[in-house]
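Let me begin by presenting the structure, written as C-alpha cells, before commenting on it.
In the working numbering, the protein residues as written are 20 to 178.
As C-alpha cells, this is what we get:
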C-alpha cells in the first residue's frame with residue numbers, strides 16, 4: 020500500500036507498531052454492533068468502528084489509536100470532549116519533553132495511553148494530575164489479539 024494507507028489503515032498490529040506512534044490497548048469484546056464493537060479495556064468501554072476481522076463476544080483484541088487522534092483537557096465539562104464517542108478520565112503517569120512537544124502517558128488500571136501536546140500548550144501539567152480524554156470510534160482500529168507462540172526447539176552442538 021501507499022505510505023498513507025499503511026499509516027492510516029495498517030494491516031496488522033505489527034505494521035502499526037513501526038509506522039508512527041501508536042497506542043495498543045488490550046481488552047475484550049463486550050458488545051457487538053452492526054459495524055462496531057465495544058471493548059472493555061481495564062474497566063473503560065472503548066467503542067471502535069474500524070474492525071480488522073470478525074469478532075465475537077469475549078474475544079481478546081487489541082484496540083489501536085494514534086496519540087495525535089486523542090483530545091484532552093483538565094476539565095470534565097469540556098464541550099468538545101463530550102462530542103466524542105469515547106471519553107474517560109485517567110491520571111498522568113509519565114511526562115517526556117521531546118523538544119517541540121511533550122509525550123504524556125496516562126494510566127488507567129494496568130493500561131497506558133500516550134498523548135502528544137505541543138510545548139507551547141503544555142501549561143504545567145504534572146504526574147498525578149487527572150485528564151479527561153476523548154477520541155472518535157472511527158480512529159480506533161481493532162485487531163484480534165495475536166497469540167504469541169513459543170517455539171520449542173533443540174540445538175545440537177555435536178559435530
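Backbone N, C-alpha and C define an ideal beta-carbon position, used for all residues, glycine too.
Since this is a predicted model, take the numbers as computed values, not measurements.
| Item | Value |
| --- | --- |
| Can you name the start and end residues of the alpha helix (DSSP H) that residue 27 belongs to? | 22-27 |
| Any contact of the segment 111-120 with the segment 65-84, i.e. 3+ C-beta pairs under 8 angstroms? | no |
| Look at residue 119 and residue 133 and say whether their C-beta atoms are less than 8 angstroms apart. | no |
| CA-CA distance, residue 89 and residue 111? | 14 angstroms |
| Would you identify the three-state DSSP class for residue 137, choosing helix, strand or coil? | strand |
| Whole angstroms is fine: what's the gap from residue 164's alpha carbon to residue 78's? | 8 angstroms |
| Out of 139, 154 and 31, which one is the CA nearest neighbour of residue 99? | 154 |
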